[in-house]
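Counting in our numbering, the sequence shown runs from 1 upward without gaps.
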Amino acid sequence: MLLAGLLLRNVPYVTDAIFINTHWSAALRNIALSIILTRAGLGLDPSVLRRLKAVCVRVAVGPCVVEACIDAVVSHFLLSLPWVWGFILGFVLAAVSPAVVVPSMLLLQKDGYGVEKGIPTLLMAAGSFDGILAITGFSTCLGIAFSTGSTWMNILKGLLVVVGGIIAGLILGLFLCLFPSNDQEDLVLRRTLMLLGLSIFSVFFSNVIGFAGAGGLCTLVLSFLAALGWKTEKAPVAAMVGRCWDVFQPLLFGLIGAEITITSLSPSTVGLGMACILIGLVIRLLVTFLLVHFGGFTLKEKVFIAVAWLPKATVQAAIGSKALDMAREEGDETSIQFGLVVLTLAVLAILTTAPIGALGIGLTGPRLLTRYVKGQLSGLLGSVVQFSTSHPVPGGCCSFFADDLPLCGAYGCPGVMQCVWLPGIAAAVWRQVHLSFAAFGCCVLQALDCSRHTTNSATPEAYA
């Protein structure tokens, strides 16, 4: 999707035949951002947030601030940017992309990966706050660079963005808990329309009044509160919001790709810019790993969290060109050159980190995170089941259906399943036919007289 948008913008004859209105592009990207933040709010687990609140704050604030500072220092010495422009660049590059992180976490959460430790909830919540923090820092530094008000007023405005977004989200979230009432027809549809309508309104209205980060924070809070009020009834609403995301996902990434103009990349800036980005990413990886060190995670989980904190796309596409636009309005050639540097590095960050980060999450998630399925034995469809040697079972059986019908467990066999990961394609093929095989497996188990293990003596203690 990102590549398709990139081709539309940069292939000569295609570019001449297609016109993308910048205002409509920004509007559609804001709608898509509203939807993905709504999905993030609906997917948050309140019990996990309470347990990991300290880790969530550290992950949301620490890597963003440290990377912004590192990028500012490196760009000051490598690219000769003034300090304030270095921090403008730093906050542009420091934001993680909710459009990449949130859908990936929802998929892992759906399949049970990392759920027991609350990793998907942690990253969705922290990722949303990370982007809001970066936008707030960027807006503050931009105001200082172009002298729109005093420094203290710009800092105060940044605080108002956070406080205002939370308060607005609380009010709108409580409203959604009460309206529409449970006795109305088409309740799920009404709730979905009101939820998305208020989320989109929040993002657009915050941009109109000049508090860009407040809308995203408001959307996250109101959808989280609404989900708390609806409790178990939030599932159908989340499903409908997911269908909306299926429509807007290609629009978002396609339009982000279309924002990238290869001709705007200055060859003299690309090399030093890539060095600046890579240094910031390496420091970000290390800082993220260290900040989750005392969160009760295993080494593999810490590595996954650090990798998941790499992709950048949404925020960079949204604010990457704003500094250049303001410089052109001022007519200052020096500021225009600095703005071009910021835009160039934002483009490079999207091109390098978005696909690598998405691929990294997809590949490392099933390998580094523990899978937990409530009420079932952990494992993937097509896994190989091995019985524990410490409690051997005469005539023991094996099952290829651990994901959906744990046959051995159903018959009281005391074996312990140890699952071997199979490639996603093989698992998908098995998933299409597993019901038929499961039924056949039941007959085979009965023929093998596995049912004799369901007697009173058929307990793990009996074989010890």
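Even glycine gets a Cβ: it sits at the ideal position worked out from N, Cα and C.
Q) Quick one: Cα of Val292 to Cα of Val55, how far? A) Their Cα atoms are separated by approximately 6 Å.
**Q.** Gly357 and Val100 closer than 8 Å at C-beta
**A.** If you check the CB distance, Gly357 and Val100 come in under 8 Å.
Q) Taking contact to mean at least 3 C-beta pairs separated by less than 8 Å, is the segment 84-104 in contact with the segment 343-361? A) Flag = yes, the segment 84-104 and the segment 343-361 touch.
Q | Residue nearest to Thr38 in terms of C-alpha spacing, selected from Tyr13, Leu286, Ile155, Leu172 | A | Comparing Cα positions, the closest option is Leu172.
Q: Look up Tyr13 in the DSSP assignment and say whether it is helix, strand or coil.
A: Looking at Tyr13 - three-state DSSP - the assignment turns out to be helix.
Q. Skipping 5 residues on each side, what residues in its chain have a beta carbon closer than 6 Å to that of Ser472?
A. The shown model of the chain, from 1 to 464, leaves out residue 472, and the question about it has no answer.
Q: Could you please give me the residues that DSSP links to Tyr113 through a beta bridge?
A: DSSP, once it has assigned bridges, lists Arg371 as partnering Tyr113.
Q. Rounded to the nearest angstrom, how far is the Cβ of Gly41 from that of Ala168, given a contact under 8 Å?
A. In fact, because the Cβ distance is near 13 Å, the residues do not count as touching under 8 Å.
(Q) Looking at Cys64: is its Cβ nearer than 8 Å to the Cβ of Ala134? (A) Going by C-beta atoms, Cys64 is nearer than 8 Å to Ala134.
Q | Where Thr364 falls: helix, strand or coil (DSSP) | A | Three-state result, Thr364: helix.
Q | 8 Å Cβ cutoff met for Thr269 and Val341 | A | Yes.
Q: Using the Cα positions of Leu196 and Leu7, report the straight-line distance between them to the nearest angstrom.
A: Straight-line Cα distance between these residues: approximately 31 Å.
Q | Nearest neighbour of Ser202, chosen from Gln184, Ser223, Gly112, Cys141 [CA to CA] | A | Ranking the options by Cα distance to Ser202, first place goes to Ser223.
Q: Specify the secondary structure class of Ile88 as computed by DSSP and reduced to three states.
A: Ile88 falls in the helix class under three-state DSSP.
Q. Between the segment 180-197 and the segment 235-244, do at least 3 Cβ pairs fall closer than 8 Å?
A. Cβ pair count under 8 Å is three or more, so yes.
Q | Within the segment 208-234, ranges of the alpha helix (DSSP H) (whole runs, at least 4 residues) | A | Qualifying alpha helix (DSSP H) stretches, in chain order: 212-230.
Q. Hey, is Leu42's beta-carbon within less than 8 Å of any beta-carbon in chain D?
A. The structure shown contains no chain D; it is built from a single protein chain.
Q. So what's Gly164 in DSSP terms, helix, strand or just coil?
A. Here Gly164 sits in helix by DSSP.
Q: Determine the DSSP secondary structure at Lys312, reduced to helix, strand or coil.
A: Coil.
Q: Run the CB neighbour count on Glu67, radius 10 Å, all protein chains shown included, and call it buried at 16 or more, exposed below.
A: Classification of Glu67: buried, given that the 10 Å Cβ count is 16 or more.
Q. Apart from the five residues just before and just after Phe146, which ones in its own chain have a Cβ nearer than 6 Å to its Cβ?
A. Met326, listed in sequence order.
(Q) Between the alpha carbons of Leu299 and Met124, how many angstroms are there, rounded? (A) Each residue's alpha carbon lies about 20 Å from the other.
Q) If Asp131 sits next to Val315, beta carbons under 8 Å apart, how far is it from one beta carbon to the other, in whole angstroms? A) Checking the sequence shown, residue 131 turns out to be Gly, not Asp. At roughly 5 Å, the Cβ-Cβ gap stays under 8 Å, so Gly131 and Val315 are in contact.
Q: Measure how close the beta-carbons of Ile35 and Ala258 come, nearest whole angstrom, since I'm counting them as under 8 Å.
A: At roughly 19 Å, the Cβ-Cβ gap does not stay under 8 Å, so Ile35 and Ala258 are not in contact.
Q. How would you write the range of the alpha helix (DSSP H) that Pro46 sits in, first residue to last?
A. Run containing Pro46: 46-51, per the alpha helix (DSSP H) assignment.
**Q.** Ile31, buried or exposed, once every other Cβ within 10 Å from all chains shown has been counted against 16
**A.** With 16 or more neighbouring CB atoms inside 10 Å of its own CB, Ile31 falls in the buried class.
Q) Would a C-beta distance cut-off of 8 Å place Val490 and Trp309 closer than the cut-off? A) The first residue shown for the chain is 1 and the last is 464, placing residue 490 beyond what the model contains.
**Q.** Helix, strand or coil at Phe297 according to DSSP, with G and I counted as helix
**A.** Phe297: coil per DSSP, three-state reduction.
Q | Coarse secondary structure for Gln184, derived from DSSP in three states | A | Three-state result, Gln184: coil.
Q) Going by beta carbon distance, what residues of the same chain come within less than 6 Å of Val74, once the five residues before and after it are set aside? A) Closer than 6 Å at Cβ, skipping near neighbours: Cys276, Ile279.
(Q) Rounded to the nearest angstrom, what separates Gly112 and Ser25 at their Cα positions? (A) Taking the CA atoms as reference points, Gly112 sits about 35 Å from Ser25.
Q: In the DSSP assignment, find the alpha helix (DSSP H) that holds Val270 and state where it starts and stops.
A: Here the alpha helix (DSSP H) through Val270 covers 267-291.
**Q.** Spatially closest choice to Pro120 from Gly271, Lys302, Asp71, Ile350, by CA coordinates
**A.** The shortest C-alpha separation from Pro120 is found at Lys302.
Q. Where does Thr261 fall in DSSP's three states?
A. Thr261 falls in the coil class under three-state DSSP.
Q) What do you reckon, are the CB atoms on Gly216 and Phe205 nearer than 8 Å? A) No; because the gap between Cβ atoms is not below 8 Å, this pair is not in contact.
(Q) According to DSSP, simplified to helix, strand and coil, what is Asp246? (A) Three-state DSSP puts Asp246 in a helix.
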